[in-house]
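J.: Got a structure for you, written out below as structure tokens; questions coming shortly.
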Amino acid sequence: MLQTSHRPSPFAAFVASCCLVAATGFERAAAQVPAGHEKPKVVIPFDLESQFDQGRYGRMVGEMIWKKLERRGGCVVPESMLDVRDWSDRTKTAPNPDTPLEKMRSIIQEEFGADIAVWGKVERLPDVQWDEYDLWLNVVDFSTDPPRILAKIKARTKTASEIPHTYIDEALDKLYGMDSSVPAAGADADSERRWKTGENLVRGDFEKPAGWDQPGAFVSRQAEASGPGKQNGFVRFTLSRDIAETSGVLYYSDYFPVEEGAKYRFQCRWRTSGPAPKVFIKCSTERPTRFSDRGDGSVDEMEKREVYRSQQNLSGPRDVWNTHTEDFTPQHTQFEPRYGRVMLYGYLSPGTLDWDDIVVKQITPPPAVQSPRIRRPSLETKVRADELERIHPQPKKGRK
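For the sequence shown, position 170 (counting from the first letter as 1) is numbered 158 according to this note's numbering, and the numbering increases by one without interruption.
What follows is the structure, given as structure tokens:
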């Protein structure tokens, strides 16, 4: 039973002043304004309900939503999720998909003095080994009468990465007036054409021993019948319990060229008798080496340094061939990703893990005009590298 206190939330007391200073940079609101609004809307993201782990994962998803809103700007959000959690703890209130809209309107308007609510629920599927979840996500604007439902998502994920990179992004795109469920027909058709006809950047059919590292002790090339008189080659990981529960087994492709800002699509087939599969696509640039092979103290040699990584969590039934597909876009705040390679990985449980038909294709070219590069330590911070250098200047080298 939802209970709400009519004592104003601490956050509500700041909303009016927040709106007044939004144009000068409060919550970085000038970056992007939701379509159709002249002044910033006040958006309250709530932690999602997650009964399977007493709310832990739901809090993580709530934090993801808040962070994405804070990065995009254009609306007023709490200074942190602690503001919302303090209110929730005090009032013993946890909105979920069954909460009536009228109750949510009361919470948003009377408790927070806000406009838009983002709330929902995430539950792990029973009797599954990896990252399959049921997700409910609602985004509703209560500043209109009747309330305007901006997004109402109910989905079953195949991987945990779909929650932040697919469904949360889809919901927030709709909040900002960009309906990602209806992409521009021309751009979408062009991407699909490139996917069907474009060049595969890796040699992933494993019919010939080329394009990948030499197999180690736990990696072998196998073949099985694929039709009358036909054999299909694939790669097999064989994991003992000791290996599965410690280092796992990994296998690298050769490097292939990538362009920053372009969108790529990865696809593979995989089959497991127990080990959990993951894929990492690691993109690098060339930087002066820290350790010279010449042994003379010189540092003018170049080495590849990783600057971007796409982690893809695979999920599906055992002992059958599954297909996984996921898009990624190499990018970095300071360096330009130029080379990519695929790392196949298996771990957690003993058994065999098979891989086949690895595909990486560019489906969207990089933008014609690249945005000016803003040097930051990582994508997770808005602090510029030059600001850090001013705060913590490096000592000048003295003359010898």
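We treat Cβ as the ideally placed atom computed from N, Cα and C, and that holds for glycine.
Which one or two residues does DSSP pair with Gly334 in a beta bridge?
T.: Working through the sequence shown from its first residue, we reach residue 334 at position 346. DSSP lists Val237 and Pro265 as partners of Gly334.
J.: Are the CB atoms of Asp161 and Thr129 within a distance shorter than 8 Å?
T.: Mapped onto the sequence shown, residue 129 falls at position 141. Mapped onto the sequence shown, residue 161 falls at position 173. Before going on, a small fix: residue 129 reads as Asp here, not Thr. Contact: no.
J.: Using 8 Å as the threshold, is the C-beta distance between Ile137 and Glu158 below it?
T.: Numbered from its first residue, the sequence shown carries residue 137 at position 149. Numbered from its first residue, the sequence shown carries residue 158 at position 170. Contact: no.
J.: Just confirm the distance between the C-beta atoms of Gly251 and Asp315, as a whole number of angstroms; I'd bet it's less than 8 Å.
T.: By 1-based counting over the sequence shown, the position of residue 251 is 263. By 1-based counting over the sequence shown, the position of residue 315 is 327. One detail in the question is off: residue 251 reads as Lys in this sequence, not Gly. Between Asp315 and Lys251 the Cβ distance is about 6 Å, and since that is below 8 Å, they are a contact.
J.: Determine the burial state of Thr311: buried for a count of at least 16 other Cβ atoms within 10 Å of its Cβ, exposed for fewer.
T.: Here residue 311 is taken as the residue at index 323 of the sequence shown, counted from 1. With fewer than 16 Cβ atoms within 10 Å of its Cβ, Thr311 is classed as exposed.
J.: For Ser179, I'd like the list of residues in its chain whose CB is within less than 6 Å of its CB, leaving aside the five on either flank, ordered along the chain.
T.: Position 191 of the sequence shown, counting from 1, holds the residue named residue 179. Only Ile351 and Thr352 meet the Cβ criterion.
J.: Going by the DSSP bridge assignment, what does Ile95 pair with across the sheet?
T.: Numbered from its first residue, the sequence shown carries residue 95 at position 107. Paired residues: none, contrary to the question.
J.: Across which residues does DSSP place Met290 in a beta bridge pair?
T.: Position 302 of the sequence shown, counted from the first residue, corresponds to residue 290. For Met290, which the question treats as bridged, DSSP gives the partners Pro276.
J.: Identify, in the order they occur along the chain, each residue of the same chain with its Cβ nearer than 6 Å to the Cβ of Asn84, setting aside the five sequence neighbours on each side.
T.: As a working note, residue 84 is residue 96 in the sequence shown. The answer, listed in chain order, is Glu37 and Lys109.
J.: Please tell me whether Arg293 and Arg275 are closer than 8 Å, where the distance is taken between their beta carbons.
T.: The residue labelled residue 293 in the question sits at position 305 within the sequence shown. The residue labelled residue 275 in the question sits at position 287 within the sequence shown. Yes. Within cutoff.
J.: State the beta-bridge partners of Asn188 as determined by DSSP.
T.: By 1-based counting over the sequence shown, the position of residue 188 is 200. Bridge partners of Asn188: none, in fact.
J.: What's the gap between the Cα of Ile96 and the Cα of Pro114?
T.: Indexing the sequence shown from 1 puts residue 96 at position 108. Indexing the sequence shown from 1 puts residue 114 at position 126. Straight-line Cα distance between these residues: approximately 33 Å.
J.: Alpha carbon to alpha carbon, how far is Gly215 from Val207? Give it in angstroms, no decimals.
T.: Residue numbering aside, residue 207 sits at position 219 when the sequence shown is read from its first letter. Residue numbering aside, residue 215 sits at position 227 when the sequence shown is read from its first letter. Those two C-alpha atoms are separated by around 25 Å.
J.: For Asp119, which residues of its own chain have a beta-carbon under 6 Å away from its beta-carbon, when the five flanking residues on both sides are left out?
T.: Stepping through the sequence shown from its first residue, residue 119 is reached at position 131. Taken in chain order, the residues that qualify are Thr147, Ala148, Asn301 and Ser303.
J.: Closer than 7 Å by C-beta to Tyr155: which residues in its own chain qualify, once you throw out the five before and the five after it? Chain order, please.
T.: Here residue 155 refers to the residue found at position 167 of the sequence shown. For Tyr155, where only same-chain residues beyond five positions count, the Cβ hits under 7 Å are Leu123, Leu125, Ile141 and Ala143.
J.: Contact defined as beta carbons within less than 8 Å: I believe Glu51 pairs with Met69. What is the distance between those atoms, to the nearest angstrom?
T.: Translated into positions along the sequence shown, residue 51 becomes position 63. Translated into positions along the sequence shown, residue 69 becomes position 81. The Cβ separation is near 6 Å, so the contact holds.
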